[in-house]
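Those sequence lines, one after another, are chains E and R.
The opening position of the first sequence corresponds to residue 498 in my numbering, with each subsequent residue numbered one higher.
The opening position of the second sequence corresponds to residue 43 in my numbering, with each subsequent residue numbered one higher.
Glycine residues also receive a C-beta, built at the ideal position from the N, C-alpha and C atoms.
The structure presented is a predicted model; accordingly, all values stated were derived computationally and were not measured.
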Amino acid sequence: MYKDPSYFIQGVLDHNRLLLARTITLIESTLQTHQDIARNVISELLPHTGKAVRLGITGVPGAGKSTFIESFGTMLTGLGYRVAVLAIDPSSTRSGGSILGDKTRMERLAVNDMAFIRPSPSGGSLGGVARKTRETMLLCEAAGFDVIIVETVGVGQSETTVASMVDFFLVLQISGAGDELQGIKKGVLEVADAIVVNKADGDNITRAKLAKKQYETALHLVTPSSPNWAPPVMTCSALEEKGLNEVWETITQHKKVMSATGELDEKRKEQALSWMWFLVKEGLETWFYNNEKIKDVLPGIRDSVETGKKAPTRAADELVSILGSDLLF
Amino acid sequence: MANTPEYNEWLEVATKQMKGKSPDTLTWKTPEGIDVKCLYTAADIEGMETVGSMPGMAPYARGPMATMYAGRPWTIRQYAGFSTAAESNAFYRRNLAAGQKGLSVAFDLATHRGYDSDNPRVAGDIGKAGVAIDSIEDMKILFDGIPLDKMSVSMTMNGAVIPILGMWIAAAEESGVKQEQLMGTIQNDILKEYLTRNTYIYPPTPSMRIVSDIMEFASQNMPKYNTISISGYHIMEAGADSVLQTAFTLADGVEYVRAAIASGMSVDTFAPRLSFFFGIGMNFFMDIAMLRAARFLWHRLMQQFNPENPKSSMLRTHCQTSGWSLTEQDPYNNVIRTTMEAMSAVLGGTQSLHTNSYDEAVCLPTDFSARIARNTQIIIQEESHVCKVADPLGGSYYIEYLTNQIVDEAQKIIDEIEEIGGMAKAIESGMPKMRIEESAARRQARIDQGSDVIVGVNKYRLEDEKLDFDILEVPDTVRTEQIDRINEIRKTRNEAECQACLEAVTKAAEGKGNLLEVAIAAAKARATVGEISDAMEKVFGRYVATTQCVSGAYSSEYAEADSESAQVIEDFRKRTGNFLEKTGRRPRILVTKMGQDGHDRGIKVVASSFADLGFDVDISPMFQTPDEAAKMAIENDVHIVGASSLAAGHKTLVPELIAKLKEQGAGEIGVVAGGVIPPSDYDFLYEAGTKAVFGPGTPITTSAGKVMDILEEQYLK
Chain E
498 MYKDPSYFIQ GVLDHNRLLL ARTITLIEST LQTHQDIARN VISELLPHTG KAVRLGITGV
558 PGAGKSTFIE SFGTMLTGLG YRVAVLAIDP SSTRSGGSIL GDKTRMERLA VNDMAFIRPS
618 PSGGSLGGVA RKTRETMLLC EAAGFDVIIV ETVGVGQSET TVASMVDFFL VLQISGAGDE
678 LQGIKKGVLE VADAIVVNKA DGDNITRAKL AKKQYETALH LVTPSSPNWA PPVMTCSALE
738 EKGLNEVWET ITQHKKVMSA TGELDEKRKE QALSWMWFLV KEGLETWFYN NEKIKDVLPG
798 IRDSVETGKK APTRAADELV SILGSDLLF
Chain R
43 MANTPEYNEW LEVATKQMKG KSPDTLTWKT PEGIDVKCLY TAADIEGMET VGSMPGMAPY
103 ARGPMATMYA GRPWTIRQYA GFSTAAESNA FYRRNLAAGQ KGLSVAFDLA THRGYDSDNP
163 RVAGDIGKAG VAIDSIEDMK ILFDGIPLDK MSVSMTMNGA VIPILGMWIA AAEESGVKQE
223 QLMGTIQNDI LKEYLTRNTY IYPPTPSMRI VSDIMEFASQ NMPKYNTISI SGYHIMEAGA
283 DSVLQTAFTL ADGVEYVRAA IASGMSVDTF APRLSFFFGI GMNFFMDIAM LRAARFLWHR
343 LMQQFNPENP KSSMLRTHCQ TSGWSLTEQD PYNNVIRTTM EAMSAVLGGT QSLHTNSYDE
403 AVCLPTDFSA RIARNTQIII QEESHVCKVA DPLGGSYYIE YLTNQIVDEA QKIIDEIEEI
463 GGMAKAIESG MPKMRIEESA ARRQARIDQG SDVIVGVNKY RLEDEKLDFD ILEVPDTVRT
523 EQIDRINEIR KTRNEAECQA CLEAVTKAAE GKGNLLEVAI AAAKARATVG EISDAMEKVF
583 GRYVATTQCV SGAYSSEYAE ADSESAQVIE DFRKRTGNFL EKTGRRPRIL VTKMGQDGHD
643 RGIKVVASSF ADLGFDVDIS PMFQTPDEAA KMAIENDVHI VGASSLAAGH KTLVPELIAK
703 LKEQGAGEIG VVAGGVIPPS DYDFLYEAGT KAVFGPGTPI TTSAGKVMDI LEEQYLK
């Protein structure tokens, strides 16, 4: 690994694919030395970011996320946009390894010179998915990509994490046997900027239209996140490449509205702040667990809480006060 | 079931000989999950509906013909083809002179995928895994001097089936043979291509229409022609056990029957022309039983379509010995393996048979190895007296028991598929593929642990092995020859007529016309395979596969074995964990297949098991060019690329990948190669910069270990 931050910074600014890839690796690294360089790289590149459309996409397995991104991304490159796709694949908790197969489902986009696709394993990096994806997004912006698509599997907290770093959060759904709403979490509806019902093709069109109605009803029951934007429900067929234009128009319309009302700036400011707070929390946590005194007393305190000898509130106070006393020296 | 006094007596003797242990402890669980006891008796098969029929009579468990080989032995049909049409033609003629009875044509991968030889995507594939065919002129050379009105010709073609079959019919007609005289079989089994072999071109729906068009055309014009060969062979070679092979193959068959009926044909017009193709592996008795079970089940499954002709529910099959079971190590052992498998197919009652050459784990067969393979069958037919009795194993307690078990187990899977909505839907759901891959990963783990023995590979391995036989190599000049001929044809043909024919193909693809009919006309107008394929692609589009990969199967087979095996996995995970700790990330490998070779069992097993060992594994789409693979390696920033080759393209594609990586400043990304690579090519690959070459049969723990050696040397020192 190269130690000089300018090697990475210049590479990204030169739109060099190889160096962009290596800088992402740097950011994902678990080594402290790499993290130190990465921090420099990011702060140097920050002024060059902010121009891209940041798009988050989620959906249950089987919703056709990859096929959607393949068709949608290809359409965007056809319109002259450079597209970066960041995909997160789960790491095995047992082996730590992972299978990163996204590109097998994005065959055309993977070989497209206007596109850059980077799958990343979810495990094995400091701060988890949140840190590396957010910073990778910034790198891609600095490397001149016009649209950044962050793909996430709809499990755990990953949707809200991704929603908190993008401008537009798209929820991809498919029509099923009439029970569409069961598969969707309320929290996801709250952060959605649009719901797109995919696979509206063949003998599925009627069902897709029905599903669209149901989502529209469901969305009425949720307070929209913006007073200026009512999240629409649309249908598309990624397979037949139908309805994708309309999705893009919606996204650009959203950007127009949000920019005009100043909401986009506000949102990004908020996101930057909440990002800072996230890092603070994470830093505090690391500091806490790395503190020698804490390491000493923690097992004992844990024991006494478990056996009921000490109240959890009291134990927490004690632990925090240890940190406080540490600061005095 | 009450035990007879004799059985109880036996039990006593057996227990004594086992020093007090029950003989039940000898029970073996087969890969199919069937419990095999050490003894079978009449009590085990009492009342089974699979037992007690007659050969040539429904439900055909004992064979489709009443007298079986006593009346007429199976057809010796060797699958072959390589290089140019002229080379293959000479090879066929030598084989026919030496006792072979039918022809079976292997096409190269460019042809399979509907590309002409001058397409840059397929530069590494021309004439390699089969013969290169671009136009009717090639087809005429291929069958020069072979009387097509007398010789039955089998063609393994699925993707580019319309242009190839069209050219064959047109070539026959131009040599004076009428359509109704043509005999033989076209594989035309597109469903399994989406499952395992990946030589498809179009998406499933238009592909199924192509199948129906061919069935319809042949039912009207080619009464002696088998319009489909529903193939389990590739499913087995991809890793399926015998129950999975039976279930998926028959479920494919049912799907074709439905498609044909839906297109307006009545079942008895086409069903008698359906044929099957099974793969026979090293589980000797199991695969005998498999063929019997498949016939029984097919008869049962066909009843739902109310056929009146008994032939409509009679399963006739071709068989091939397993190519996957052959080893590169101590390769003459392959002659014995093939003999065992051939016997299994014969005792199971196959209608025709291909026996593999012993050198096929390494390279294409030579005249010599092809002779040994052919003689394996001739000796069984003419020396062993095996043919004298129909279904000689009928009534064997064990065989009948296994037959019944396979029927029951396969039926369960077929029911499951029916619930999903048939095989096409099941394939879409990914279920069959996942089952096959899980089975393959488990098998690899059993081999790597030594619990499945392969002589010369994981037991009785030779210390210092030297390859001592000739290797057939296809020169790269084949491509130039083909391109010259394409250019010649394009210069001399009537261009306007040719274009009109191609337009007719596109029109037929859009509407109702029969695609084969218009393709025959296009072939006569000297349109090429690529042009006819493109004319349909305009309407159908090209299919893009989705790749799924199982995880955990490899390591769980280890964990289930014993603590020592489990430790192997644990130790390896520590090693990848250590790499993460020292370098800041896990070892990351891209596994890729370049060229048109669609055999993805190897990379699937590697991907799945490497991930189990703690690697981050990137998988590339199929059919990559070296340029595309390099782009992916760079974007994903992997440490190393593993290129898999099973179709002789490695000498072109691997060095090109290394060059592309260097060109783009990513020279430190190493490349290792694996697959069917002759040892004589190793030095060539090493000189081109390949870091390691893994031949067939390399245990995963060995290849993964070597990859870690390379990475630790590069990044930890």
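Rounded straight-line distance, which links the Cα of residue j to that of residue i
{"i": "residue 386 of chain R", "j": "residue 551 of chain R", "result": "43 Å"}
{"i": "residue 226 of chain R", "j": "residue 117 of chain R", "result": "12 Å"}
{"i": "residue 205 of chain R", "j": "residue 158 of chain R", "result": "11 Å"}
{"i": "residue 593 of chain R", "j": "residue 696 of chain R", "result": "28 Å"}
{"i": "residue 748 of chain R", "j": "residue 602 of chain E", "result": "30 Å"}
{"i": "residue 404 of chain R", "j": "residue 742 of chain R", "result": "19 Å"}
{"i": "residue 508 of chain R", "j": "residue 703 of chain R", "result": "33 Å"}
{"i": "residue 452 of chain R", "j": "residue 601 of chain R", "result": "27 Å"}
{"i": "residue 612 of chain R", "j": "residue 659 of chain R", "result": "18 Å"}
{"i": "residue 620 of chain E", "j": "residue 587 of chain E", "result": "7 Å"}
{"i": "residue 609 of chain R", "j": "residue 474 of chain R", "result": "31 Å"}
{"i": "residue 720 of chain E", "j": "residue 687 of chain E", "result": "7 Å"}
{"i": "residue 674 of chain R", "j": "residue 662 of chain R", "result": "8 Å"}
{"i": "residue 659 of chain E", "j": "residue 766 of chain E", "result": "16 Å"}
{"i": "residue 524 of chain E", "j": "residue 709 of chain E", "result": "40 Å"}
{"i": "residue 249 of chain R", "j": "residue 89 of chain R", "result": "43 Å"}
{"i": "residue 341 of chain R", "j": "residue 349 of chain R", "result": "10 Å"}
{"i": "residue 502 of chain E", "j": "residue 604 of chain R", "result": "49 Å"}
{"i": "residue 242 of chain R", "j": "residue 110 of chain R", "result": "36 Å"}
{"i": "residue 424 of chain R", "j": "residue 167 of chain R", "result": "39 Å"}
{"i": "residue 706 of chain R", "j": "residue 421 of chain R", "result": "57 Å"}
{"i": "residue 713 of chain R", "j": "residue 753 of chain R", "result": "11 Å"}
6 Å CB neighbourhood of residue i in its chain, flanking five on each side removed
{"i": "residue 98 of chain R", "result": "107 and 108"}
{"i": "residue 735 of chain E", "result": "561, 564, 565, 568 and 695"}
{"i": "residue 508 of chain E", "result": "516"}
{"i": "residue 178 of chain R", "result": "209, 212, 213 and 565"}
Cut-off 8 Å between Cβ atoms - residues of its own chain near residue i, not counting five sequence neighbours on either side
{"i": "residue 504 of chain E", "result": "516"}
{"i": "residue 687 of chain R", "result": "635, 636, 637, 639, 695, 696, 715, 716, 717, 718 and 719"}
{"i": "residue 470 of chain R", "result": "246"}
{"i": "residue 267 of chain R", "result": "224, 225, 226, 227, 228, 260 and 315"}
Integer-rounded CB distance, given that residue j should sit under 8 Å from residue i
{"i": "residue 812 of chain E", "j": "residue 798 of chain E", "result": "5 Å"}
{"i": "residue 699 of chain R", "j": "residue 636 of chain R", "result": "7 Å"}
{"i": "residue 202 of chain R", "j": "residue 586 of chain R", "result": "No, residue 202 of chain R and residue 586 of chain R are not in contact; Cβ-Cβ is about 17 Å, not under 8 Å."}
{"i": "residue 263 of chain R", "j": "residue 222 of chain R", "result": "6 Å"}
{"i": "residue 23 of chain R", "j": "residue 181 of chain R", "result": "This structure cannot speak to residue 23 of chain R, because chain R is shown only from 43 to 759."}
{"i": "residue 606 of chain R", "j": "residue 488 of chain R", "result": "So it is not a contact: roughly 14 Å between Cβ atoms."}
Residues of its chain near residue i, where Cβ-Cβ distance is below 7 Å and the 5 sequence neighbours each way are ignored
{"i": "residue 103 of chain R", "result": "92, 95, 334, 337, 338 and 445"}
{"i": "residue 499 of chain R", "result": "369, 371 and 739"}
{"i": "residue 483 of chain R", "result": "592, 595, 596, 647, 650 and 651"}
{"i": "residue 214 of chain R", "result": "190 and 224"}
{"i": "residue 382 of chain R", "result": "324 and 326"}
Chain-ordered neighbours of residue i on chain A, where CB pairs are closer than 9 Å
{"i": "residue 618 of chain R", "result": "No chain A is present in this structure, whose protein chains are E and R."}
Practice item. May I ask you to list, following chain order, the residues of the segment 646-668 of chain R that have a beta carbon less than 9 Å from some beta carbon of chain E? Key: 649, 650, 652, 653, 654, 655, 656, 657, 658, 659, 660, 661, 662, 663, 664, 665, 666 and 667
Review point. For the segment 668-686 of chain R, which residues have a CB atom closer than 7 Å to at least one CB atom of chain E, in sequence order?
Key: 670, 673, 674, 676, 677, 678 and 679
Point to revise | Residues in the segment 697-719 of chain E having any Cβ partner in chain R nearer than 8 Å | key: none
Check your understanding: Okay, do the segment 410-429 of chain R and the segment 137-147 of chain R touch, 3+ Cβ pairs below 8 Å being the bar?
Key -> yes
Review point. What residues in the segment 704-721 of chain R have a beta carbon less than 9 Å from any beta carbon of chain E?
Key: 706, 707 and 708
Point to revise | Chain-ordered residues of the segment 596-607 of chain E with a beta carbon less than 7 Å from chain R | key: 596, 597, 598, 600, 601, 602, 604 and 607
Point to revise | Touching by the beta-carbon criterion (3+ pairs, under 8 Å), the segment 557-572 of chain R and the segment 619-631 of chain R | key: no
Review point. Does the segment 388-395 of chain R come within contact of the segment 347-365 of chain R, defined as at least 3 CB pairs closer than 8 Å?
Key: yes
**Study point:** At least 3 beta-carbon pairs within less than 8 Å: the segment 288-305 of chain R vs the segment 464-481 of chain R
**Key:** yes
Check your understanding: Any contact of the segment 639-650 of chain E with the segment 576-583 of chain E, i.e. 3+ C-beta pairs under 8 Å?
Key -> yes
Review point. Using a Cβ cut-off of 7 Å, which residues of the segment 626-639 of chain R contact any Cβ in chain E, in chain order?
Key: 626, 627 and 628
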